[in-house]
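S.K.: With our numbering as the guide, the letters of the sequence shown map in order to residues 13 to 159.
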Amino acid sequence: MYEATQQFLSLDEAKKRAACIRLGEIALRVWEANFPEGCKVAYQESVTGSTQTLDCRLPREALDAVRAGLDANGIEQRYLESIAALEDDDLFLPEASQFAYYAIYNVFQRYVVGRKIDEWTIANQALASAVTPDLGTALSDVLREAV
Numbered sequence: 013m014y015e016a017t018q019q020f021l022s023l024d025e026a027k028k029r030a031a032c033i034r035l036g037e038i039a040l041r042v043w044e045a046n047f048p049e050g051c052k053v054a055y056q057e058s059v060t061g062s063t064q065t066l067d068c069r070l071p072r073e074a075l076d077a078v079r080a081g082l083d084a085n086g087i088e089q090r091y092l093e094s095i096a097a098l099e100d101d102d103l104f105l106p107e108a109s110q111f112a113y114y115a116i117y118n119v120f121q122r123y124v125v126g127r128k129i130d131e132w133t134i135a136n137q138a139l140a141s142a143v144t145p146d147l148g149t150a151l152s153d154v155l156r157e158a159v
């Protein structure tokens with residue numbers, strides 16, 4: 013196990029939150045590189061056959077909500093359709109973007125909604141989105157910046 017992994021896992025809750033927010037910021041850069049503000053991504057929902065549009069600003073707004081500590085813009089509700097579409101294979105995203113989307117969603121779920129999401133899941137998703145060859149170094153960088 014990487015030294016950085018052990019360090020991450022041993023952080024107290026406040027420092028893990030800071031590290032997860034930093035990981036969310038990394039994932040957001042990946043997301044916005046592929047889906048900038050104003051992008052239009054349409055997909056067909058298989059259950060009803062309706063056409064849906066992906067809200068490309070949602071990950072940024074979710075991370076802002078994590079920083080603020082509250083869901084003032086109905087973010088939890090706005091995620092429902094796109095998460096279902098990803099799980100139903102109605103919405104296809106490039107792999108790195110999908111990891112980024114889930115990482116930010118899970119940071120939001122953990123720190124705003126209060127769901128029991130393992131912080132290590134968030135770390136894995138965010139680091140996978142960054143497609144870096146040395147995950148140990150990437151995590152060390154996050155820990156240095158976040159704590």
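The beta-carbon is built from N, C-alpha and C at its ideal position, and this holds for glycine as well.
1) Roughly how many whole angstroms lie between the Cα atoms of Thr60 and Asp101?
2) Please report the residue range of the alpha helix (DSSP H) in which Gln89 lies.
3) Are Asn118 and Ile129 close, meaning C-beta to C-beta below 8 Å?
4) Please state if the CB of Glu73 and the CB of Val125 are separated by a distance shorter than 8 Å.
5) Is the CB-CB distance between Ala138 and Ile38 below 8 Å?
6) Which ranges does the beta strand (DSSP E) cover as unbroken runs of at least 3 residues, wholly within the stretch 34-81, from first to last along the chain?
7) Taking only the alpha-carbon atoms, compute the straight-line gap between Ala6 and Gln121 and give it to the nearest angstrom.
8) Below 8 Å on the Cβ atoms is my contact criterion, and I expect Ala108 with Gly36 to pass it. Report the Cβ-Cβ distance as a whole number of Å.
9) Consult DSSP for Tyr117 and reduce its assignment to one of helix, strand or coil.
10) If contacts are defined as beta-carbon pairs under 8 Å, then Leu23 and Ala16 qualify, I think. What distance do you get, rounded to the angstrom?
11) Ignore the nearest five residues each way along the sequence and tell me which others in Arg29's own chain have a CB closer than 7 Å to its CB.
12) In whole angstroms, what is the alpha-carbon distance linking Leu70 and Phe20?
13) Give me, in chain order, the residues of the same chain whose beta-carbon lies closer than 6 Å to that of Ala26; leave out the 5 immediate sequence neighbours on both sides.
14) Taking Cβ to Cβ, would you say Tyr55 is nearer than 8 Å to Ala97?
15) Quick check on DSSP: helix, strand or coil for Ser22?
M.R.: The structure says:
1) For this step, residue 60 is matched to residue 48 along the sequence shown. For this step, residue 101 is matched to residue 89 along the sequence shown. Cα-Cα distance, rounded: 14 Å.
2) As a first step, residue 89 must be located in the sequence shown, where it is residue number 77. 87-99 is the extent of the alpha helix (DSSP H) around Gln89.
3) As a working mapping, residue 118 is identified with position 106 in the sequence shown. As a working mapping, residue 129 is identified with position 117 in the sequence shown. In this structure, Ile129 lies closer than 8 Å to Asn118 by Cβ.
4) On the sequence shown, position 113 is the one that residue 125 refers to. On the sequence shown, position 61 is the one that residue 73 refers to. For Val125 and Glu73, no; Cβs fall outside 8 Å.
5) Within the sequence shown, the letter at position 126 stands for residue 138. Within the sequence shown, the letter at position 26 stands for residue 38. Closer than 8 Å, so yes.
6) 53-56, 63-66
7) Lying outside 13 to 159, the shown extent of the chain, residue 6 is not represented and no answer is given.
8) Indexing the sequence shown from 1 puts residue 108 at position 96. Indexing the sequence shown from 1 puts residue 36 at position 24. Under the criterion of beta carbons closer than 8 Å, Ala108 and Gly36 do not qualify as touching, at roughly 15 Å.
9) Reading the sequence shown from its first residue, position 105 is the one you call residue 117. Reduced to three states, the DSSP call for Tyr117 is helix.
10) The sequence position of residue 23 within the sequence shown is 11, counting from 1. The sequence position of residue 16 within the sequence shown is 4, counting from 1. At roughly 11 Å, the Cβ-Cβ gap does not stay under 8 Å, so Leu23 and Ala16 are not in contact.
11) Here residue 29 corresponds to residue number 17 of the sequence shown, with the count starting at 1. Contacts found: Tyr123.
12) Along the sequence shown, read from residue 1 onward, the residue named residue 70 stands at position 58. Along the sequence shown, read from residue 1 onward, the residue named residue 20 stands at position 8. Straight-line Cα distance between these residues: approximately 27 Å.
13) Sequence index remark: in the sequence shown, residue 26 carries index 14 (1-based). Same-chain partners within the cutoff: there are none.
14) As a working note, residue 55 is residue 43 in the sequence shown. As a working note, residue 97 is residue 85 in the sequence shown. Yes, the pair counts as a contact, with Cβ atoms nearer than the cut-off.
15) Locating residue 22 in the sequence shown gives position 10, where the first residue counts as 1. DSSP places Ser22 in coil when its eight states are reduced to three.
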